[in-house]
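J.: Right, I'll just put the structure down here and ask away after.
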Amino acid sequence: KMTQQMRDLQLAQARKPPGPSSPNAAKRLYRNLSGKFRVNYTSFDEGSLVGRGEKEKLRKSYLFQSNAALFEAVELQDLDRVQEMLKHYSPEELDLNTPNSEGLLPLDIAIMTNNAPIARALLQAGAKESPHFVSLESRSLHLSTLVREAEQRVNELMAQVVNEAPNADCSDKEKQLKAWEWRFRLYKRMKAGFEHARVPDAPSSVHLSVASSSSLQVTFWEPQSVNSAVVTKYKVEWSCSPTFSPLLGEAVIDKLKDLHFTIQGLVSGTAYHVRVSAYNMKGWGPPQASTPPFAIPSNWREYDGRAPRRRGQAEALDQLLGQVKTVHQHCICHEPCKNQPQSRKHSVSKSLKHLFHPGSKFLKTLKRGLYLTAIFYKDDNILVTHEDQIPVVEIDDTYSCLLMQDFLWLTKVSCMWDEILWLRQCVTVSQSSCSCILQTRFKMLLAISQMQGLLGIQDLGQVFFEPIKDKQGNILIVTLKEVKTNQTFESVRWVPVCKLQTSRKSVSSPEEPTALDMLLISVQDKLTYHQRSSHALSPGLYLGYLKLCSAVDQIRVLVPEQLPNILCHVKIRSNPNISREEWEWLQKMASAEEPVPTEPEADRPQNPLFQELQVAIKELMTLVNIPLQEAKDFRLYSQEVLDFGDQVSFLLLLPPSDDVCTAPGQNNPYTPRSGFLTLPLQIFELGEE
Numbered sequence: 005k006m007t008q009q010m011r012d013l014q015l016a017q018a019r020k021p022p023g024p025s026s027p028n029a030a031k032r033l034y035r036n037l038s039g040k041f042r043v044n045y046t047s048f049d050e051g052s053l054v055g056r057g058e059k060e061k062l063r064k065s066y067l068f069q070s071n072a073a074l075f076e077a078v079e080l081q082d083l084d085r086v087q088e089m090l091k092h093y094s095p096e097e098l099d100l101n102t103p104n105s106e107g108l109l110p111l112d113i114a115i116m117t118n119n120a121p122i123a124r125a126l127l128q129a130g131a132k133e134s135p136h137f138v139s140l141e142s143r144s145l146h147l148s149t150l151v152r153e154a155e156q157r158v159n160e161l162m163a164q165v166v167n168e169a170p171n172a173d174c175s176d177k178e179k180q181l182k183a184w185e186w187r188f189r190l191y192k193r194m195k196a197g198f199e200h201a202r203v204p205d206a207p208s209s210v211h212l213s214v215a216s217s218s219s220l221q222v223t224f225w226e227p228q229s230v231n232s233a234v235v236t237k238y239k240v241e242w243s244c245s246p247t248f249s250p251l252l253g254e255a256v257i258d259k260l261k262d263l264h265f266t267i268q269g270l271v272s273g274t275a276y277h278v279r280v281s282a283y284n285m286k287g288w289g290p291p292q293a294s295t296p297p298f299a300i301p302s303n304w305r306e307y308d309g310r311a312p313r314r315r316g317q318a319e320a321l322d323q324l325l326g327q328v329k330t331v332h333q334h335c336i337c338h339e340p341c342k343n344q345p346q347s348r349k350h351s352v353s354k355s356l357k358h359l360f361h362p363g364s365k366f367l368k369t370l371k372r373g374l375y376l377t378a379i380f381y382k383d384d385n386i387l388v389t390h391e392d393q394i395p396v397v398e399i400d401d402t403y404s405c406l407l408m409q410d411f412l413w414l415t416k417v418s419c420m421w422d423e424i425l426w427l428r429q430c431v432t433v434s435q436s437s438c439s440c441i442l443q444t445r446f447k448m449l450l451a452i453s454q455m456q457g458l459l460g461i462q463d464l465g466q467v468f469f470e471p472i473k474d475k476q477g478n479i480l481i482v483t484l485k486e487v488k489t490n491q492t493f494e495s496v497r498w499v500p501v502c503k504l505q506t507s508r509k510s511v512s513s514p515e516e517p518t519a520l521d522m523l524l525i526s527v528q529d530k531l532t533y534h535q536r537s538s539h540a541l542s543p544g545l546y547l548g549y550l551k552l553c554s555a556v557d558q559i560r561v562l563v564p565e566q567l568p569n570i571l572c573h574v575k576i577r578s579n580p581n582i583s584r585e586e587w588e589w590l591q592k593m594a595s596a597e598e599p600v601p602t603e604p605e606a607d608r609p610q611n612p613l614f615q616e617l618q619v620a621i622k623e624l625m626t627l628v629n630i631p632l633q634e635a636k637d638f639r640l641y642s643q644e645v646l647d648f649g650d651q652v653s654f655l656l657l658l659p660p661s662d663d664v665c666t667a668p669g670q671n672n673p674y675t676p677r678s679g680f681l682t683l684p685l686q687i688f689e690l691g692e693e
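Shown next, in the form of structure tokens:
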């Protein structure tokens with residue numbers, strides 16, 4: 005008989021929809037469902053059904069079939085099909101952790117048949133072992149019961165087949181007999197797998213690092229032995245004593261997609277010892293001590309008690325801006341502007357209909373002057389006017405050359421698109437000085453307001469890092485804005501980029517294209533730049549390379565094309581924190597004026613950060629095309645670690661002081677390979693924010 009525990013389980017299962025009536029029926033179900041997977045995943049597409057009730061009914065039936073098919077795929081050791089189902093269905097949809105009528109979960113079958121690839125796939129999807137196996141004895145007893153009952157069923161069916169005359173019923177009996185013989189062999193294989201398994205070895209490696217002044221990060225790897233059963237969970241333990249007595253805490257990790265754990269709530273300056281042990285169906289294996297054997301929670305700022313550089317800066321700037329706006333609101337010169345919001349409301353109400361109105365003030369051609377264009381894009385489509393033109397407005401028709409300082413000022417204005425009206429008021433008051441610079445900037449603000457009014461959109465996006473200039477004297481400032489799919493626009497017209505490029509009839513020669521033609525030719529590159537400039541680095545500690553070059557009116561910084569908002573860099577490690585001990589070592593190296601580490605030294609203690617820097621510096625030198633022997637003259641910036649939030653930090657590698665910034669006319673002997681560009685420093689600072 006089944007144990008009382010399994011009887012209770014079967015009663016609970018009886019409340020669920022009935023499963024296949026026999027192992028053979030389950031196999032047929034698996035084959036049928038597998039065929040649907042192979043032929044067409046949309047054969048049960050809900051969009052093709054009529055009626056919400058019918059959709060939900062069919063969905064539930066299909067998901068139940070998927071659950072049964074998952075069990076069969078695991079039993080038949082079909083790794084491809086298991087991965088396919090895990091990819092297309094969530095654990096909840098598959099009932100991944102609900103036992104079948106035999107009290108088994110898919111993970112139980114995988115680990116007891118010692119199918120490591122399927123077991124790992126299930127574990128990464130969140131699969132668990134059956135909670136009914138509370139001890140080794142209960143698991144052994146349950147497997148013996150399954151084997152015995154399957155054997156009994158085989159004997160019964162065999163007797164019926166032998167004693168009955170050949171007929172249709174006899175043929176069905178033979179099919180059932182074959183199915184139960186197959187299941188009998190499966191259960192015996194599972195029982196043998198359990199009996200021959202042993203507890204796992206210790207994890208092959210355990211690495212301990214300092215994550216912050218109150219936490220440690222533990223990273224570990226699977227046991228090297230492949231003879232034991234699949235590991236299904238790990239246990240991390242920590243203590244202030246190397247004997248782990250008393251134990252301060254422990255954590256069990258059963259989500260094995262990433263084998264690491266952060267111990268939180270520790271005391272800064274206290275040494276903690278850590279060890280990790282692995283678990284399989286036979287129990288816990290021996291623990292593996294960490295390397296290094298202990299670590300002390302700390303942060304580099306504790307070295308001299310330094311506060312974060314940007315603490316309170318954003319709040320202080322907001323407060324300062326508020327004070328400035330308050331002063332200007334009481335200025336008598338602003339009284340005529342108080343009725344402006346009413347006309348602005350009227351302008352916004354017209355919204356994007358202006359794009360298609362024949363009286364639109366967007367320009368189709370350029371004369372000699374300064375212009376503003378706004379590129380709004382969604383996927384590979386661009387927003388255009390009713391005449392299939394990118395929106396362009398005039399800033400100044402008498403402006404013969406764009407001063408870089410005016411352009412950089414406009415890039416800062418792009419952080420305040422909602423404040424353009426207020427900025428116009430401020431500049432109007434200041435125009436009494438008749439400054440040419442102020443007049444130009446006031447015209448820029450007028451053009452921005454005109455663009456916002458015609459489009460009915462306040463946020464014009466990010467200013468491209470350099471204007472487009474042609475030989476006819478036109479200067480085109482470009483803004484870029486990606487439109488999210490959940491944003492809605494009224495009567496908008498979208499045109500594919502490729503169609504816009506091929507349909508435009510150029511009015512200029514290929515040798516001297518106009519600024520508009522140059523924009524269309526390079527628009528895809530500009531969209532790519534805009535998308536890349538919003539990408540973020542993955543968490544970690546990075547080594548950045550600072551290289552500047554100066555011109556008469558600006559300083560530019562070298563950046564990679566793939567991430568133009570970040571310095572040239574390589575990743576040192578995944579842990580962004582620099583501990584106090586590591587920072588002390590860097591300070592000693594800087595004070596002794598030692599060269600940056602590029603080669604291992606036999607007499608130097610093997611500092612983990614030293615080894616990581618060696619690898620990172622070699623990689624970075626190769627990236628920026630600088631011979632490794634030149635690195636002896638480079639320096640690590642030792643004043644601070646550059647923290648970008650809590651998850652990304654930078655150490656800076658600086659060239660010799662005379663080479664940090666290349667002056668105009670000065671040759672740079674080491675030119676980076678392709679894949680880099682130089683941005684104006686102010687543009688880079690805005691992107692980095």
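Be aware that the sequence shown starts at 5, since it is given in our numbering, and climbs by one per residue.
Yeah, the Cβ is synthetic: ideal placement off N, Cα and C, and Gly gets one too.
As the structure is a computational prediction, the values presented were derived from the model and not from experiment.
(1) My output table needs one value for L13: the three-state DSSP class, helix, strand or coil.
(2) Is the beta carbon of F411 sitting closer than 7 Å to the one on I687?
(3) With P612 as the anchor, note down where its alpha helix (DSSP H) starts and where it stops.
(4) According to DSSP, simplified to helix, strand and coil, what is T236?
(5) Nearest to T369 by CA position, among V397, A114 and V664, is which residue?
(6) Only counting the same chain, and skipping five residues up and downstream in sequence, which positions put a Cβ closer than 8 Å to that of L531?
(7) On a Cα-Cα basis, can you pick out the residue from Q528, V203, A114 and G477 that is closest to T518?
(8) Identify whether D650 lies in helix, strand or coil by the three-state DSSP scheme.
(9) Output the boundary residues of the alpha helix (DSSP H) element that contains L590.
(10) Give the secondary structure of A282 by DSSP, where H, G and I count as helix, E and B as strand, and everything else as coil.
(11) Can you list the alpha helix (DSSP H) stretches of 4 or more residues lying completely in the region 132-202, in chain order?
(12) Classify G73 as helix, strand or coil using the three-state DSSP reduction.
(13) Which residue spans inside the region 268-328 form an unbroken beta strand (DSSP E) run of at least 3?
(14) Can you say whether W242 is buried or exposed, counting buried as having 16 or more other CB atoms within 10 angstroms of its CB?
(15) Terminal residues of the continuous beta strand (DSSP E) containing T369?
(16) DSSP state of C244, grouped into three classes?
(17) Contact between the region 185-198 and the region 103-118: three or more CB pairs below 8 Å?
(18) Within 10 angstroms of the Cβ of W184, are there 16 or more other Cβ atoms? Answer buried if so, exposed if not.
(19) How would you label Q643, buried or exposed, when you count the other beta carbons within 10 angstroms and need 16 or more for buried?
(20) Inspect the beta-carbon positions of H573 and G544 and report whether they are closer than 7 Å.
(21) Please classify E586 as buried or exposed, where buried requires at least 16 neighbouring CB atoms within 10 angstroms.
(22) Inspect the CB distances between the region 651-667 and the region 630-642 and report whether three or more fall short of 8 Å.
(23) Could you tell me which residues DSSP pairs with L640 in its beta bridges?
(24) Please report how far the alpha carbon of L567 lies from the alpha carbon of S537, in whole angstroms.
(25) Measure the beta-carbon distance from V235 to Y283 and round it to whole angstroms, keeping in mind my assumption that it falls under 8 Å.
(26) With DSSP run on the structure shown, which of helix, strand or coil describes K91?
(27) So, at 7 Å on beta carbons, what are the nonlocal neighbours of R202 in its own chain, with the 5 sequence-adjacent residues on each side left out?
(28) Quick check on the DSSP output: the beta strand (DSSP E) that includes C572 runs from which residue to which?
(29) Got a sec, what are the start and stop residues for the beta strand (DSSP E) G544 sits in?
(30) Between which two residues does the beta strand (DSSP E) carrying G253 extend?
(31) Would the beta-carbon of V165 fall within 7 Å of that of E178?
(32) Quick one: measure Cβ to Cβ for A131 and L150, integer angstroms, because I've assumed they're closer than 8 Å.
(33) Enumerate in chain order the residues of its own chain whose CB-to-CB distance from E155 is below 8 Å, with the five nearest sequence positions on each side excluded.
(34) Can you check DSSP and say which residues form a bridge with C665?
(35) Going by the beta-carbon positions, is the gap between F224 and P207 smaller than 7 Å?
(36) Determine the extent of the alpha helix (DSSP H) in which K413 is found, giving its start and end residues.
T.: Concretely, from the data shown:
(1) If you number the sequence shown from 1, residue 13 lands on position 9. The predicted model places L13 with a pLDDT of 42, which falls under 50 and marks its position as unreliable, so this point remains unresolved.
(2) Position 407 of the sequence shown, counting from 1, holds the residue named residue 411. Position 683 of the sequence shown, counting from 1, holds the residue named residue 687. Going by C-beta atoms, F411 is not nearer than 7 Å to I687.
(3) Numbered from 1 along the sequence shown, position 608 holds the residue referred to as residue 612. Note, P612: alpha helix (DSSP H), P612 to L627.
(4) By one-based count along the sequence shown, residue 236 stands at place 232. Note: T236 maps to coil in three-state DSSP.
(5) Along the sequence shown, read from residue 1 onward, the residue named residue 369 stands at position 365. Of the candidates V397, A114 and V664, the one whose C-alpha sits nearest the C-alpha of T369 is V397.
(6) For the purposes of this step, residue 531 is taken as residue 527 along the sequence shown, with counting starting at 1. I379, Y381, L484 and V501, listed in sequence order.
(7) Reading the sequence shown from its first residue, position 514 is the one you call residue 518. Cα-wise, what sits closest to T518 is G477.
(8) Locating residue 650 in the sequence shown gives position 646, where the first residue counts as 1. In the structure shown, D650 sits in coil (DSSP, three-state: anything other than H, G, I, E or B).
(9) Within the sequence shown, numbered from 1, the residue matching residue 590 stands at position 586. Counting along the chain, the alpha helix (DSSP H) containing L590 begins and ends at R584 to S595.
(10) Here residue 282 refers to the residue found at position 278 of the sequence shown. Here A282 sits in strand by DSSP.
(11) 140-167 and 172-200
(12) In the sequence shown, counting from the first residue as 1, residue 73 sits at position 69. Note on residue identity: the sequence assigns Ala, not Gly, to residue 73. If DSSP states are grouped into helix, strand and coil, A73 belongs with the helices.
(13) 276-284 and 292-299
(14) Counting from one through the sequence shown, the residue named residue 242 turns up at place 238. Flag for W242 reads buried.
(15) Looking up residue 369 in the sequence shown gives position 365. From DSSP, T369 is part of no beta strand (DSSP E); its letter is neither H nor E.
(16) In the sequence shown, the residue the question calls residue 244 occupies position 240. In this structure, C244 counts as coil in the three-state DSSP scheme.
(17) yes
(18) Reading the sequence shown from its first residue, position 180 is the one you call residue 184. The residue in question, W184, is buried, as its Cβ has 16 or more Cβ neighbours within 10 Å.
(19) Taking the sequence shown and counting its residues from 1, one reaches residue 643 at position 639. Under this definition Q643 is an exposed residue.
(20) In the sequence shown, the residue the question calls residue 573 occupies position 569. In the sequence shown, the residue the question calls residue 544 occupies position 540. Their beta carbons are not under 7 Å apart, which means H573 does not touch G544 by this criterion.
(21) Your numbering for residue 586 matches position 582 in the sequence shown. Buried is the call here.
(22) yes
(23) One-based indexing of the sequence shown puts residue 640 at position 636. L640 is bridged to L657.
(24) Sequence index remark: in the sequence shown, residue 567 carries index 563 (1-based). Sequence index remark: in the sequence shown, residue 537 carries index 533 (1-based). If you take the alpha carbons of L567 and S537, they lie about 6 Å apart.
(25) For the purposes of this step, residue 235 is identified with residue 231 of the sequence shown, where counting begins at 1. For the purposes of this step, residue 283 is identified with residue 279 of the sequence shown, where counting begins at 1. Contact flag correct, Cβ pair sits at about 7 Å.
(26) One-based indexing of the sequence shown puts residue 91 at position 87. K91 falls in the helix class under three-state DSSP.
(27) Residue mapping note: residue 202 aligns to position 198 of the sequence shown, counting from 1. Counting only Cβ-Cβ distances below 7 Å, and skipping sequence neighbours, we find S232 and K286.
(28) Along the sequence shown, read from residue 1 onward, the residue named residue 572 stands at position 568. First-last of the beta strand (DSSP E) with C572: C572 to R577.
(29) Mapped onto the sequence shown, residue 544 falls at position 540. Note, G544: beta strand (DSSP E), G544 to Y549.
(30) Numbered from its first residue, the sequence shown carries residue 253 at position 249. Run containing G253: G253 to I257, per the beta strand (DSSP E) assignment.
(31) Locating residue 165 in the sequence shown gives position 161, where the first residue counts as 1. Locating residue 178 in the sequence shown gives position 174, where the first residue counts as 1. Yes, Cβ-Cβ distance for V165 and E178 is below 7 Å.
(32) As a position in the sequence shown, residue 131 is number 127, starting the count at 1. As a position in the sequence shown, residue 150 is number 146, starting the count at 1. In fact, because the Cβ distance is near 20 Å, the residues do not count as touching under 8 Å.
(33) As a first step, residue 155 is located in the sequence shown; it is residue number 151 there, counting from the start. The residues are F188.
(34) Numbered from its first residue, the sequence shown carries residue 665 at position 661. Answer is L552, bridged to C665.
(35) Position 220 of the sequence shown, counted from the start, is the residue given in the question as residue 224. Position 203 of the sequence shown, counted from the start, is the residue given in the question as residue 207. Against a cut-off of 7 Å, the Cβ pair of P207 and F224 comes out as a contact.
(36) Along the sequence shown, read from residue 1 onward, the residue named residue 413 stands at position 409. Per the sequence presented here, residue 413 reads as Trp, with Lys not at that position. M408 to V417 is the span of the alpha helix (DSSP H), which, as asked, contains W413.
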